[in-house]
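Peer 1:
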Amino acid sequence: MQAVLPANSFLPFCVDNLNKESLTLYVQMIKSKVDEEDYWHSSKFKAFTFDDEDDELSRLKESRQAVNNIRRLVEEDDDEDDVERISWSGEPVGSISWSVKETAASSQRADREPAFPKISTDTPSISRSQSGYSLSSLFKGKPKVGNFQTFSDALTDSSVRLYAPELRKPKSEYKDYVSDWSPEETVQRLQQGKAVSLERFRTLQDKLLLLDHAIAAHDGNVITAVLIYLKRTLCKEVLFRELESRQTALRHFIHYLSETQNQRLLLELHRALGRAEDAALLQYKEHLSITDENKRRDFLKNCLSLPFSAEDLAHVQDHYTLLERQIIIEVTDRQAERGGKVEIFQKFPRKALILNMPLITTLYYCCFYHYAEPEGTFSSPLNIRQTFKISEKQYFVTALAARAKLKAWLDVDALFASRNWLGFTRKKSPLSFQRVVDILQKNSAPTHVLQDYVALVDDGELRLTLAQKHKCHDIVISTYRDMKDRQLLLGYRGKVVRGSAEERKIDDLLSNPQIRWKN
Amino acid sequence: MMRLRRSHLICCAASKEKMAAHLSYGRVNLNILREAARKELREFLDKCAGSKAIVWDEYLTGPFGLIAQYSLLKEHEVEKMFTLKNGRLPPADVKNIIFFVRPRLELMDIIADNITSEDRHHSSRDFHILFVPRRSMLCEQRLKEQGVLASFINIDEYILDLIPYDGDLLSMEYESAFRECYLENDQTSLYHTAKGLMTLQALYGTIPQIYGKGECARLVANMMLRMKREFAGSQNQILPVFDTLLLLDRNVDLLTPLATQLTYEGLIDEIYGISNGYVKLPPEKFAQKKQGEGSKDLPTEPKKLQLNSAEELYAEIRDKNFNAVGAALSKKAKIISAAFEERHNAKTVGEIKQFVSQLPHMQAARSSLANHTSIAELIKDITTSEAFFDNLTVEQEFMTGVDTDKVNTYIEDCIAQKDPLIKILRLVCMQSVCNNGLKHKVMDYYKREILQTYGYEHMLTLNNLEKAGLLKPQTGSRNNYPTIRKTLKLWMEDANEQNPNDISYVYSGYSPLSIRLTQILARPGWRSIEEVLKMLPGPHFEERQQLPSGLHKKRQQGENRTTLVFFLGGVTYAEIAALRFLSQVEDSGMEYVIATTKLINGTTWIKSLMDRPESPTQ
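In the order they appear, the protein sequences are chains Y and H.
Just so we're aligned: 183 in UniProt numbering is position 183 of the first sequence, and the numbers increase by one with no gaps anywhere.
Just so we're aligned: 282 in UniProt numbering is position 282 of the second sequence, and the numbers increase by one with no gaps anywhere.
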């Protein structure tokens, strides 16, 4: 995918997630999180595991135990316990894909051995004539017609055959080359891969009849074969006009043109048929093959005049604006980095170019390197937010991650400052504080920072689990105190560091006669 | 057209390679098909007289592995095998070089490069191409443009339309079929499907009844009937094995592949990807630690396992809801442990001999148990994760019609944390399908967030999804999904995962629409759901094929009927599990054999619709 960042990219936050398009990898990411199994098991999963959740999971353990026990029993035989033989690469021995590697490897070995040049004992194939016959093949038994005759021969070889087919063919099959086949027969022969000349279809009417028969056969190969012939022998205007009333053939023709990368004709076709938007998209797609960023930018600029839908046009416009900006930022920042005067570039050297990165990645970059810039500059996060109408949530998440990565906790704090000018300093957030904690934790925020945000989680149960997970002891302790749960508090005492302030706090609470414990 | 007499095939089947016994366990002996394919292969190889080397399009080695092992090729003088790549062919002292390739233009360029790099003065090797599954006009033209077409002695095709995957499963492994049919409107895959079905009928008899739903289904049926007319001269004298053929368009049920499969096999595929019957797994769980040895060298290569019904334990658990797998494994563990304990009771020589003779079987069972315990543990780690749970919750909300008309916060959050794009697209498409299109505002919002986060070029992908109908703006018409859901009972509140009584167990509540249609067709018949059928895209139809007199089956009392269900555009493992469940239900009176263009899951399916930058050639 185009959006993939280089592995050594400068954005650890993005890299963690972006590179992984497939579920497989996405899942591996989750796996590392599952270490805290106790935590997850104790929480809310019901939908999939249903009533006896622990039961089911523990049964898996039973089977694991049995497997291990039996293994011990039969240890002596263990070496050969795989029913199927597996090679080092993990492929079963004898399978085709394994053998491909195996035989290829052995041939390389042979290659290294000194060898005398071999004189071929075979009849040298003298010259293979245009038609694809070699002398030796003529005498090699009974060749099948279809094998020697290629489709394209059939199409273009109007000069009937120069070689002498009667050498190897019974008279009856000689007819193959000279007869006038009906459109229907022609299509059938094409389907069977047999030789047939299309040149005899001369009039427009004949050609269209042939095309219609091909369409009726539904064999894409044959339809394409006929289309190639028509493309060669009809003028564009006529061909396009006729295709318009033959949708199936039209689709095959479009597919053929895009497969053979005949962009020019394809665009003309779309235009001729009034499929302006398809044509525009097709042209836009070409930008992907332009590597030079300035050329790509200019190309995108040209795209702006294409007949996109209003909605798509807005996206293309944004795409162009973004790349234009990235080019400017790249030039400026490269200079700043080389100059060695800007501290942030020295402390956190850039590991990849910002060119062609997605918008949000660019925003992250700017929040990282250009956070405090006035709104007037191209690289100011606020300016980017404004220009591209980035949603509040997206902006917030991105800025939060970037500033947390830099451990700029004051900036992080400021993000939450409510705009209330009455003097209240309540923290407000467009996304749940659970997510906030999650993002901070991913950027390895210290406990004292996390604690502030865990405390803001509304749901009591969730707050407690988060506090436990992130070792925000104070929150856990005071929650247990509020629950008047002496047992839980006692239990938690074992989880804090001996002799720490937390332990003392717990001890104080436990010996406090004022509290009426419920257990 | 393959026309083979059965007696001949049966004697082939008795030949020495007994690798595919599991194909003949099912209701229909699919080994016959495999043997036919092997015979074709042998015949082709013998046509190129003398020693040979095969240059493989790597993609094909997987599907071919289901047909033949290296030993078969070796018997026919294949001495070397290489992977197709640019540059000069490796030296090999053979008479023939055969390219086994799919008909793809980029492969033609590589072949051309191989040929032009060949040292013409010293080499007298003959070149052949075997196209799988069909020759292609475009490819031959490309070879001609590259000036190498004349170098080939032989250009042939190996018609590998339907590959037997398991005792009840056939796949064409035609990855791009859905994209071609619904995006590019290229019907070539349908032609191949019809051809494949003709081959199948040549081997298993004419299928008297054909039902179908969807545009593509209609086209395939038309082609089949037409092809039959063309062969009108030769009557098929084989007693029909299949009673009914049901052709289903994938776009009749766009919802099912988007949902996360919850059967054991389905989850293996969702998480690790099953390809040609093999899965590659992280090796850590499979490392065998012997006592006294530290974990000195952990394997780094992924562990590759073959998954099919030849493995007794796998056949037992593959179609279970994952939550029932733990219990099944532990039950098996007890049985195997008990069997090993038997050795204490073996006192006499005879008893000991008896025990020893069973050892290999027990060893195999133990190793199978060990493998599946490890896989189940790997999967459990994921299914118990918060991310998995949250994702599943949202899917189930959509499928039950909760808040499908608003921007979903979870999707929004996933985009914000840059979860894999395919995951996002799966969810957004699901919401669209369950709401019969998204409101303009909602759709615009999602689109903008996606483009801003993942890059504007994904505009092309979003366009594709719209063309395929997976993502669409709401039109004036009413959202008919709730009606469809209720009529077809697509959501079952009390799905029983342990002892299922309904197909909804495969998605822990959601019953795949495609399989409901199949189930209702068998009983009480589609007439009962005319209204809903009209809401789903494409025509529905019924056709009959005349059988020669004397071939009409006289059904025994209580004998089951057999239906071949063909999914045009792909089928998931969970859907297969649901059909197997229906086959096993007592008194259903119907057994199912499944065929498809490709085994898919939501991820591979969406991926096939994405627009990638052109040509990865460097």
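Backbone N, C-alpha and C fix where the C-beta goes; we use that ideal spot for every residue, glycine too.
Note that the structure is a prediction, hence the values are computed from the model and not measured.
In three-state DSSP terms, what is Gln470(Y)?
Peer 2: The residue asked about is misnamed: residue 470(Y) is His in this sequence, not Gln. Looking at His470(Y) - three-state DSSP - the assignment turns out to be coil, as it is neither helix nor strand.
Peer 1: Using Cβ-Cβ distances below 7 Å, what residues of the segment 414 to 442 of chain H are close to chain Y?
Peer 2: Here the close residues are Ala416, Gln417, Lys418, Asp419, Pro420, Leu421, Ile422, Lys423.
Peer 1: In angstroms with no decimal places, state the Cα-to-Cα distance between Leu267(H) and Glu316(H).
Peer 2: Taking the straight line joining both Cα atoms gives about 16 Å.
Peer 1: Classify Gly525(H) as buried or exposed, calling it buried when 16 or more other Cβ atoms lie within 10 Å of its own Cβ.
Peer 2: By the neighbour-count rule (16 or more Cβ atoms within 10 Å), Gly525(H) is not buried but exposed.
Peer 1: Just confirm the distance between the C-beta atoms of Gly469(H) and Asp249(H), as a whole number of angstroms; I'd bet it's less than 8 Å.
Peer 2: Contact doesn't hold; Cβ gap of about 11 Å is too wide.
Peer 1: Would you check if the distance between the CB atom of Leu536(H) and the CB atom of Arg516(H) is smaller than 9 Å?
Peer 2: Their beta carbons are not under 9 Å apart, which means Leu536(H) does not touch Arg516(H) by this criterion.
Peer 1: What three-state label does DSSP hand Lys304(H) in the structure shown?
Peer 2: Looking at Lys304(H) - three-state DSSP - the assignment turns out to be strand.
Peer 1: For Asp109(H), which residues in chain Y fall below 8 Å Cβ to Cβ?
Peer 2: The contacting residues do not exist; Asp109(H) stays about 12 Å from chain Y at best.
Peer 1: In chain order, what residues of the same chain lie with their CB nearer than 8 Å to the CB of Leu440(Y), ignoring the 5 residues before and after it?
Peer 2: Counting only Cβ-Cβ distances below 8 Å, and skipping sequence neighbours, we find Leu400, Ala404, Val412, Val449, Leu450, Tyr453.
Peer 1: Are Ala365(H) and Lys332(H) close, meaning C-beta to C-beta below 9 Å?
Peer 2: Taking 9 Å as the Cβ cut-off, Ala365(H) and Lys332(H) qualify as a contacting pair.
Peer 1: Got a sec, what are the start and stop residues for the alpha helix (DSSP H) Arg229(H) sits in?
Peer 2: Counting along the chain, the alpha helix (DSSP H) containing Arg229(H) begins and ends at 215 to 230.
Peer 1: To the nearest angstrom, report how far apart Pro513(Y) and Trp409(Y) are at their CA atoms.
Peer 2: When rounded, the distance between both Cα atoms is 40 Å.
Peer 1: For residue 664(H) versus Glu173(H), is the C-beta distance shorter than 9 Å?
Peer 2: No answer is possible for residue 664(H): it lies beyond the span of chain H, which begins at 1 and ends at 618.
Peer 1: Name, please, each residue of chain H whose Cβ falls closer than 9 Å to the Cβ of Leu281(Y).
Peer 2: Residues of chain H passing the Cβ test: Met459, Leu460, Asn463.
Peer 1: For residue 525(Y), does the three-state DSSP call read helix, strand or coil?
Peer 2: The shown model of chain Y, from 1 to 519, leaves out residue 525(Y), and the question about it has no answer.
Peer 1: Could you tell me the alpha carbon to alpha carbon distance between Lys334(H) and Phe340(H), rounded to whole angstroms?
Peer 2: Each residue's Cα considered, the two are about 10 Å apart.
Peer 1: Output needed for Leu355(Y): all residues of its chain with C-beta closer than 8 Å, excluding positions within five of it in sequence on either side, in chain order.
Peer 2: Counting only Cβ-Cβ distances below 8 Å, and skipping sequence neighbours, we find Glu293, Leu323, Gln326, Ile327, Glu330.
Peer 1: Compare the C-beta of Glu505(H) with all C-beta atoms of chain Y and state if any pair is closer than 9 Å.
Peer 2: The residue you asked about is not Glu; residue 505(H) is Tyr in the sequence shown. Tyr505(H) does not count as touching chain Y.
Peer 1: Which residues of chain H have a Cβ atom closer than 8 Å to the Cβ of Glu185(Y), listed in chain order?
Peer 2: Ordered by position in chain H, no residue passes the 8 Å Cβ test against Glu185(Y), which lies about 12 Å from the chain.
Peer 1: At a Cβ cut of 9 Å, what residues of the segment 209 to 231 of chain Y count as close to chain H, listed as they run along the chain?
Peer 2: Flagged, chain order: Ala216, Ala217, His218, Asp219, Gly220, Asn221, Val222, Ile223, Thr224, Ala225, Ile228.
Peer 1: Taking Arg544(H) as part of the beta strand (DSSP E), name the residues at either end of that continuous run.
Peer 2: Element bounds for Arg544(H): 540 to 544.
Peer 1: Counting only C-beta atoms, is Arg251(Y) closer than 9 Å to chain H at any point?
Peer 2: Arg251(Y) counts as touching chain H.
Peer 1: So, is Asn69(Y) buried or exposed, given that buried needs 16 or more other C-beta atoms within 10 angstroms?
Peer 2: Answer is exposed; the Cβ neighbour count stays below 16.
Peer 1: With 16 as the cutoff for other CB atoms within 10 Å, does Gly339(Y) come out buried or exposed?
Peer 2: That one is exposed.
Peer 1: For a quick check, are the C-beta atoms of Lys207(Y) and Leu234(Y) less than 9 Å apart?
Peer 2: Yes, Cβ-Cβ distance for Lys207(Y) and Leu234(Y) is below 9 Å.
Peer 1: Please look up how many angstroms separate the CB atoms of Lys427(Y) and Leu456(Y), rounded, as I've assumed it's under 8 Å.
Peer 2: That belief holds up - the Cβ atoms of Lys427(Y) and Leu456(Y) are roughly 6 Å apart, short of 8 Å.
Peer 1: Give me whichever residues DSSP pairs with His128(H) in a beta bridge.
Peer 2: In DSSP, His128(H) forms a bridge with Ile98(H), Asn154(H).
Peer 1: Output needed for Tyr264(H): all residues of its chain with C-beta closer than 6 Å, excluding positions within five of it in sequence on either side, in chain order.
Peer 2: Ile317, Arg318, Lys320, Phe322, Val325.
Peer 1: Strictly under 9 Å for the Cβ-Cβ distance: is Gln326(H) near chain Y by that measure?
Peer 2: Checking the displayed sequence, the identity of residue 326(H) turns out to be Gly instead of Gln. With 9 Å as the cut-off, Gly326(H) counts as an interface residue toward chain Y.
Peer 1: Using the C-alpha atoms, what's the distance from Tyr229(Y) back to Arg142(H)?
Peer 2: If I take the Cα positions, the gap works out to 15 Å.
Peer 1: State the beta-bridge partners of Pro513(Y) as determined by DSSP.
Peer 2: Partner(s): none; Pro513(Y) has no beta bridge.
Peer 1: By a C-beta neighbour count over all protein chains shown, 10 Å radius and 16 as the cutoff for buried, is Lys380(H) buried or exposed?
Peer 2: Result: buried.
Peer 1: Starting from the beta carbon of Val67(Y), find every residue of chain H whose beta carbon is closer than 8 Å, and list them in chain order.
Peer 2: Correct list: Ala333, Arg366, Leu369, Ala370, Thr373.
Peer 1: Curious, which full-length alpha helix (DSSP H) runs of at least 4 residues does the segment 209 to 259 of chain Y contain?
Peer 2: Listed in chain order, the complete alpha helix (DSSP H) runs (minimum 4 residues) inside the segment 209 to 259 of chain Y are 220 to 233, 236 to 244, 247 to 259.
Peer 1: Mind listing, in chain order, the continuous alpha helix (DSSP H) runs of no fewer than 4 residues lying wholly within the segment 488 to 551 of chain H?
Peer 2: The segment 488 to 551 of chain H contains these whole alpha helix (DSSP H) runs: 513 to 522, 530 to 535.
Peer 1: Using the three-state DSSP reduction, which class does Ser391(Y) fall into: helix, strand or coil?
Peer 2: DSSP places Ser391(Y) in coil when its eight states are reduced to three.
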